[in-house]
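Participant: The following block contains the structure, expressed as structure tokens.
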Amino acid sequence: MGNNFACLTCTFTSADVNDEIHHTRVPGRGRRKRDRRPNPFSDSSFSFDSPASFRVLKDAIPFTPHRSRIGEKYVLGRELGRGEFGVTYLCIDKATREVLACKSISKRKLRTAVDVEDVRREVAIMSALPNHPNIVRLRAAHEDANAVHLVMELCKGGELFDHIVARGHYSERAAAAVARTVAEVVRMCHSNGVIHRDLKPENFLYSTKKENSSLKVIDFGLSIFFSPGERFSEIVGSPYYMAPEVLKRNYGPEVDIWSAGVILYILLCGVPPFWAETEHGVARAILRGEINFHSDPWPRVSESAKSLVKQMLHPDPKRRLTAQQVLEHPWLQNAKNASNVPLGGIVRARLKQFSAMNRFKKKAMRVIAERLSIEEVEIIREMFSLMDTNNDGKVTYEELKAGLQKVGSQLAEAEIKMMMEVADVDGNGTLDYGEFVAVTIHLQRLENKAHLYKAFTFFDKNNSSYIEIEELRKPWQMTMESWTTKSLTSSWVKSTRIRTAESATKSLLP
């Protein structure tokens, strides 16, 4: 499931929230005063005509009344965000009028047993974690015939990097405050037997836009319960933040410290420590482990801060700091005394561009995924049958390699091996149909120039062969008043020069 619902935040203000409350129909409290796109999960459009044949939340949270209909307690409002598996809506508690977020996961999108298990595990983990000021709280979970609905806190303050850039003044002291929060979250997770496995800036949101707002971690879609000494082999997470032992398929809770170290590195200089034009290149850089502490602004960063980053990014997980040791490090112990001298405009400019690039890629990949035709999905099914030469319902590495050669793939053997390892979720050395579909769609999205061209033309509304700033604003549904509209898009467009479909295809590759 991953970060498909990182949009528990949005660009509306407190006035917008009040307006939403006043214009959302609650029994006995007036009528809706303006038209909106109908909510597919509202009472008026809901139907039990084709009930799902499986229960997602069965045994996941037995103490939660998840069998009741979402509409009995909450009113779902406008759409806030959309991901691969469903949609996040503004949600209002009928009794208290509290404004929340509801993540509605369509059962039709849960195509494999792995998808279903991911949802169950996410709900179980969020239910098991104690209340914490820096962890988004799951208020309720409901399931009906069509979807699973997760009601949780609404974070209105925006993503971590956006908040930093909007503040203007940014120093080591500010970075230390964020690093402490991230370490507190990791300590809380680990002390409750949970590895997050997908810590990254996009998964940290501010509860409000106020200066002293709480920073909260969201999205436990890749998290997992663990016991002391237990090791895992699934390659999961986001490329820039993966620990080397994840790529080696033998890891434990130490991977969260590595990810937190990557976040701290970015907070201090504005770019990731391991960078390349492709995911494979990033993986190779992580395994090499060469970290730059020499270029600007590192000469201005304190030795204490650099010491903490190095200890969090130690390649040997046994020698890496624990969350408690991170919190006890002198740089964080004396965070209030850390340098308040600005780190320089270069760091804020880099954070702007890095954040904008991530947004653009996510939107582009979703556009491509939505445009896969029925015929293309059928081709995937036929490819699986072609490669599964012994008809055992599984594709081995040798079968995958031979099958890709038959269909004319130019992938190198090392790339096929890496792809096989990433897709083999259960680590049994073979791909079942669900895993095969995932890897094939990944190839379809990234290597088919026709799909990349479709993504380019989606943004190029006026067919000028240029993607202009205004054309980037609309898909993101940003307002003209939003600082992100002017700062993120213009800054990123200038730096990357999105001019033709040919150059755009290069920009869309990870």
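Each residue of the sequence shown is one higher than the one before, counting from 386 in our numbering. All C-beta atoms, glycine included, are put in the ideal place defined by N, C-alpha and C. Just so we're clear, the structure is a prediction, and the values are computed from it rather than from any experiment.
Between the stretch 517-525 and the stretch 489-506, are three or more C-beta pairs nearer than 8 angstroms?
Facilitator: With the cut-off at 8 angstroms, the stretch 517-525 and the stretch 489-506 do not touch.
Participant: Please identify the residue among ASN719, GLU675, ASN577, TYR591 whose C-alpha is closest to the C-alpha of SER608.
Facilitator: Among ASN719, GLU675, ASN577, TYR591, the Cα nearest to that of SER608 belongs to ASN577.
Participant: Taking all protein chains shown into account, decide if ASP672 is buried (16 or more other Cβ within 10 angstroms of its Cβ) or exposed.
Facilitator: At residue 672 the sequence reads Leu, which differs from the Asp that was named. The residue is exposed, with fewer than 16 neighbouring Cβ atoms inside 10 Å.
Participant: Can you give me the Cβ contacts of MET573 inside the same chain, cut-off strictly under 8 angstroms, excluding the 5 residues immediately before and after it?
Facilitator: If we look at MET573 and ignore the five residues flanking it on each side, its Cβ neighbours are LEU514, PRO515, HIS517, ASN519, ILE520.
Participant: Tell me the DSSP secondary structure of GLY637 in three-state form.
Facilitator: GLY637 falls in the coil class under three-state DSSP.
Participant: If we count the other Cβ atoms within 10 Å of its Cβ and call it buried at 16 or more, is ARG582 buried or exposed?
Facilitator: The residue is buried, with at least 16 neighbouring Cβ atoms inside 10 Å.
Participant: So, do the stretch 528-541 and the stretch 635-642 have three or more beta carbon pairs nearer to each other than 8 angstroms?
Facilitator: These segments do not touch.
Participant: In the DSSP assignment, find the alpha helix (DSSP H) that holds ASP478 and state where it starts and stops.
Facilitator: Run containing ASP478: none in the alpha helix (DSSP H); it sits in the beta strand (DSSP E), 471-478.
Participant: If we ignore side chains and look at the alpha-carbon of each, how far apart do LEU461 and CYS540 end up?
Facilitator: Using only the alpha carbons, I get a separation of about 16 angstroms.
Participant: Kindly list the residues whose CB is nearer than 8 angstroms to the CB of MET697, restricted to its own chain and excluding five residues on each side of it in sequence; keep chain order.
Facilitator: ILE642, TRP643, ALA645, GLY646, LEU649, ARG705, LEU706, VAL711.
Participant: Using CA coordinates, which residue listed in LEU785, LYS791, GLN790 is at the minimum distance from MET805?
Facilitator: Residue LEU785 is the option with its Cα nearest to MET805.
Participant: Could you tell me the boundaries of the beta strand (DSSP E) in which ILE490 lies?
Facilitator: Run containing ILE490: 484-491, per the beta strand (DSSP E) assignment.
Participant: Around the Cβ of ASN677, are there at least 16 other Cβ atoms within 10 angstroms (buried) or fewer (exposed)?
Facilitator: Classification of ASN677: exposed, given that the 10 Å Cβ count is below 16.
Participant: So, under 8 angstroms CB-CB, LEU652 and ALA568 are touching, yes? Tell me the CB distance rounded to an integer number of Å.
Facilitator: Going by Cβ atoms, the distance from LEU652 to ALA568 rounds to 12 angstroms, so no, they are not a contact pair.
Participant: Please report how far the alpha carbon of ALA661 lies from the alpha carbon of VAL667, in whole angstroms.
Facilitator: Approximately 5 angstroms, taken between the alpha carbons.
Participant: Buried or exposed, going by whether 16 or more other CB atoms sit within 10 Å of the CB of LEU714?
Facilitator: At residue 714 the sequence reads His, which differs from the Leu that was named. The residue in question, HIS714, is buried, as its Cβ has 16 or more Cβ neighbours within 10 Å.
Participant: Around the Cβ of ASN719, are there at least 16 other Cβ atoms within 10 angstroms (buried) or fewer (exposed)?
Facilitator: Classification of ASN719: exposed, given that the 10 Å Cβ count is below 16.
Participant: Could you give the distance in angstroms between the alpha-carbon of HIS575 and the alpha-carbon of TRP716?
Facilitator: Roughly 22 angstroms separates the two Cα atoms.
Participant: Express the C-alpha separation of LYS779 and ASP817 in angstroms, rounding to a whole number.
Facilitator: Taking the straight line from one Cα to the other gives about 5 angstroms.
Participant: Do ASN588 and VAL579 count as a contact pair if the criterion is CB distance below 9 angstroms?
Facilitator: Contact: no.
Participant: What would DSSP say about HIS665, mapped onto helix, strand or coil?
Facilitator: Note: HIS665 maps to helix in three-state DSSP.
Participant: In three-state DSSP terms, what is TYR591?
Facilitator: Strand.
Participant: Report the partner residues of GLU544 according to the DSSP bridge assignment.
Facilitator: According to DSSP, GLU544 bridges with LEU590.
Participant: Using a 10 Å radius around the Cβ and a threshold of 16 neighbouring Cβ atoms, would you call LYS846 buried or exposed?
Facilitator: Looking at its Cβ environment, which holds fewer than 16 other Cβ atoms inside 10 Å, LYS846 is exposed.
Participant: With DSSP collapsed to three states, give me the class of HIS714.
Facilitator: Looking at HIS714 - three-state DSSP - the assignment turns out to be coil, as it is neither helix nor strand.
Participant: By the 10 Å Cβ neighbour count, where 16 or more other Cβ atoms means buried, how is LYS585 classified, buried or exposed?
Facilitator: Buried is the call here.
Participant: What distance in whole Å lies between the Cβ atoms of GLU783 and VAL686, which are believed to be in contact at a cut-off of 8 angstroms?
Facilitator: Between GLU783 and VAL686 the Cβ distance is about 49 angstroms, and since that is not below 8 angstroms, they are no contact.
Participant: Just to confirm, is the Cβ distance from GLU591 to GLY543 under 9 angstroms?
Facilitator: Strictly speaking, residue 591 in this sequence is Tyr, with Glu absent from that position. Their beta carbons are under 9 angstroms apart, which means TYR591 touches GLY543 by this criterion.
Participant: Please report the straight-line C-alpha distance between GLU464 and ALA560, rounded to a whole angstrom.
Facilitator: Taking the straight line from one Cα to the other gives about 32 angstroms.
Participant: How would you label SER489, buried or exposed, when you count the other beta carbons within 10 angstroms and need 16 or more for buried?
Facilitator: Answer is buried; the Cβ neighbour count reaches 16.
Participant: What number of angstroms, rounded off, separates the C-alpha of PHE659 from the C-alpha of GLY674?
Facilitator: Rounded to whole angstroms, PHE659 to GLY674 spans 8 angstroms at the Cα level.
Participant: Do PHE439 and VAL501 count as a contact pair if the criterion is CB distance below 9 angstroms?
Facilitator: Yes. Within cutoff.
Participant: By DSSP's criteria, ALA532 is part of a beta bridge. Which residues make up the other side?
Facilitator: The partner list for ALA532 (beta bridge, DSSP) reads SER491.
Participant: Out of MET627, MET768, ALA690, HIS548, which one is the CA nearest neighbour of GLU596?
Facilitator: The residue with the shortest Cα to Cα distance from GLU596 is HIS548.
Participant: Does DSSP put ALA628 in a helix, in a strand, or in coil?
Facilitator: The answer is coil: DSSP assigns ALA628 none of H, G, I, E or B.
Participant: Is it right to say ALA708 is buried, meaning 16 or more other beta carbons lie within 10 angstroms of its own, or is it exposed?
Facilitator: So ALA708 ends up on the buried side.
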